[in-house]
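Novice: Residue numbers (full-length UniProt numbering), protein chains in the order written: chain A, 1 to 218; chain E, 1 to 218.
Protein chains: 2
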Amino acid sequence: MMSLKLYGYWRSSATYRVRIALNLKGLEYEYVPVHLVKDGGEQHQAAYDSLNPSHLVPTFVDDDEDIILNQSLSIIEYLDERYPEPYSLMPAHAVERARVRGLAQDIACDIQPLANLRVLQSLSNQYELSSDQTNGWCKHWIEKGFDGIERRLQTQAGRFCFDFDVTMADICLVPQVYNAKRFGVDMTRYPLILRIYDNCQALEAFQQAEPENQPDAQ
Amino acid sequence: MMSLKLYGYWRSSATYRVRIALNLKGLEYEYVPVHLVKDGGEQHQAAYDSLNPSHLVPTFVDDDEDIILNQSLSIIEYLDERYPEPYSLMPAHAVERARVRGLAQDIACDIQPLANLRVLQSLSNQYELSSDQTNGWCKHWIEKGFDGIERRLQTQAGRFCFDFDVTMADICLVPQVYNAKRFGVDMTRYPLILRIYDNCQALEAFQQAEPENQPDAQ
């Protein structure tokens, strides 16, 4: 029995982020799929509700320490504080840390929540948007977000978002690029984002976290 | 000339959060209004674009230290690390810190981004939703979010979200309750949230940060 468990969904980009962080830390964990669509969504069922009353993924559990945490960025910072080896995912200086958090939140607050499954379901079911319209909606917010991020990266990027260290910012960027490609965003508009994405994808921790490599991938 | 500047908008709840944090830390700052509606939005003009290429508020500037930061939660954690007095806005223990960040992100990632001005403008301009429909949209996501938060608070709340200390979670909760009231959410459904809101509102730092008390209030 493994003590660390990650409840999530293969294509949830918040779950994808935590998988990358766990892999970068070299932590073994049990991946517990929560199917967000089947039977009206397993995230609404009693078993999951008791872990996460918000009915969102991911949820991180450490059985040995009786810890249940939600919110991907919060989980990633917890993992980084609790398991500092082999290297930190956050810079040592407060201003640089703020920039990493800022970029992570540019994605986790201002892009991803607008284009996730429950929002798209609501737009099509309650407001009768066509699938062309919901795809356009996603593309619009991803492009708006990437326009700002590409410019921010011009002053601070190296091999990764912040110089030559993999940080929480890269952990958020890669799943968002995966989504951008899915929604047909023209990534040639974002050469810096794409270069960092490619540099991350060269690392095994990122490859193994990809949605298509999960047991619940369809 | 004051070194610290906060660029924001009176009714932006992300700006409201940073005002509360600055007040709790007892920091003097210059408040620079960025009108999000007038002339197509001052956030898109060249002067602001050079500070924040995402064209969102708030932006925090420290002229003396040549620091420009965006994203409210990132700014708040920076302020807390840089100015630990008179007390910390984050708990000392990693698990508790993760819970505070998680609750803050329940609001800053899963509620507020869905109901902010640019999203409502897009829903009404591009997708022709009526104002009744956009109000219903806001109410729906606030209620969904508060349903989960009210349950989470049952295991951890005291006078404030986490026991008897004001944390970043309260700083996010209060502006979200302000918005909920604006959109007609029935707050009697959320007795714990309401109690914490009232306890925060008894503090001068929260009162002075209220939208109606800002120079750009309309």
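For every residue, glycine included, the Cβ atom is placed at its ideal position computed from N, Cα and C.
#1: So, is residue 231 (chain E) buried or exposed, given that buried needs 16 or more other C-beta atoms within 10 angstroms?
#2: Going by CA-CA distance only, name the one from A:M2, A:N23, A:S12 that's closest to Q208 (chain A).
#3: Examine the Cβ distances between the segment 99-115 of chain E and the segment 111-124 of chain A and report whether three or more of them are shorter than 8 Å.
#4: Measuring straight from C-alpha to C-alpha, what distance separates M187 (chain A) and Q201 (chain A)?
#5: Starting from the beta carbon of Y127 (chain A), find every residue of chain E whose beta carbon is closer than 9 Å, and list them in chain order.
#6: Using a Cβ cut-off of 8 Å, which residues of the segment 80-98 of chain A contact any Cβ in chain E, in chain order?
#7: Once the 5 residues before and after V100 (chain E) are set aside, which same chain residues still bring their CB inside 7 Å of it?
#8: If you drop the 5 nearest sequence neighbours on each side, which residues of the same chain put their C-beta closer than 6 Å to that of L194 (chain E)?
#9: Please report the distance separating the alpha-carbon of L153 (chain E) from that of H44 (chain E).
#10: Are the Cβ atoms of S72 (chain E) and T15 (chain E) separated by less than 9 Å?
#11: Nearest to R189 (chain A) by CA position, among A:H55, A:Y78, A:I149, A:E77, is which residue?
#12: Would you say P53 (chain A) and R182 (chain E) are within 9 Å of each other, going by their C-beta atoms?
#13: Consider the Cβ of Y16 (chain A): report whether some Cβ of chain E lies at a distance smaller than 9 Å.
#14: Can you give me the C-alpha to C-alpha distance between S131 (chain A) and K139 (chain A), rounded to a whole angstrom?
#15: So if I threshold CB-CB distances at 8 Å, which residues from the segment 164-175 of chain A count as touching chain E?
#16: Which class does K25 (chain E) belong to by DSSP, given the choice of helix, strand or coil?
#17: Here's the rule: buried if 16 or more other CB atoms are within 10 angstroms of the residue's CB, otherwise exposed. What is K5 (chain A)?
#18: Pull up the DSSP beta-bridge partners for Y87 (chain E), would you.
Specialist: Let's see:
#1: Outside the shown range of chain E, which is 1 to 218, sits residue 231 (chain E), and nothing can be said about it.
#2: When each option's Cα is compared against that of Q208 (chain A), the closest is A:N23.
#3: Between the segment 99-115 of chain E and the segment 111-124 of chain A there are three or more C-beta pairs closer than 8 Å, enough to call the two in contact.
#4: M187 (chain A) and Q201 (chain A): Cα-Cα distance of roughly 15 Å.
#5: One finds L123, Y127, L129, Q133, W137 in chain E with Cβ atoms closer than 9 Å to the Cβ of Y127 (chain A), taken in chain order.
#6: Those would be E81, R82, A94, V95, R97, A98, in chain order.
#7: The residues are M90, P91, F162, T167, M168, A169.
#8: Excluding sequence positions up to five before and after L194 (chain E), its CB lies within less than 6 Å of the CB of M187, all in the same chain and listed in chain order.
#9: Rounded to whole angstroms, L153 (chain E) to H44 (chain E) spans 38 Å at the Cα level.
#10: The criterion of a C-beta distance shorter than 9 Å is satisfied by S72 (chain E) and T15 (chain E).
#11: Residue A:I149 is the option with its Cα nearest to R189 (chain A).
#12: No, Cβ-Cβ distance for P53 (chain A) and R182 (chain E) is not below 9 Å.
#13: With 9 Å as the cut-off, Y16 (chain A) does not count as an interface residue toward chain E.
#14: For S131 (chain A) and K139 (chain A), the distance between alpha carbons rounds to 12 Å.
#15: Across the segment 164-175 of chain A, no CB contact with chain E closer than 8 Å is found for any residue.
#16: K25 (chain E) falls in the coil class under three-state DSSP.
#17: Buried: at least 16 other Cβ atoms inside 10 Å.
#18: Looking at the DSSP output, Y87 (chain E) shares a beta bridge with no other residue.
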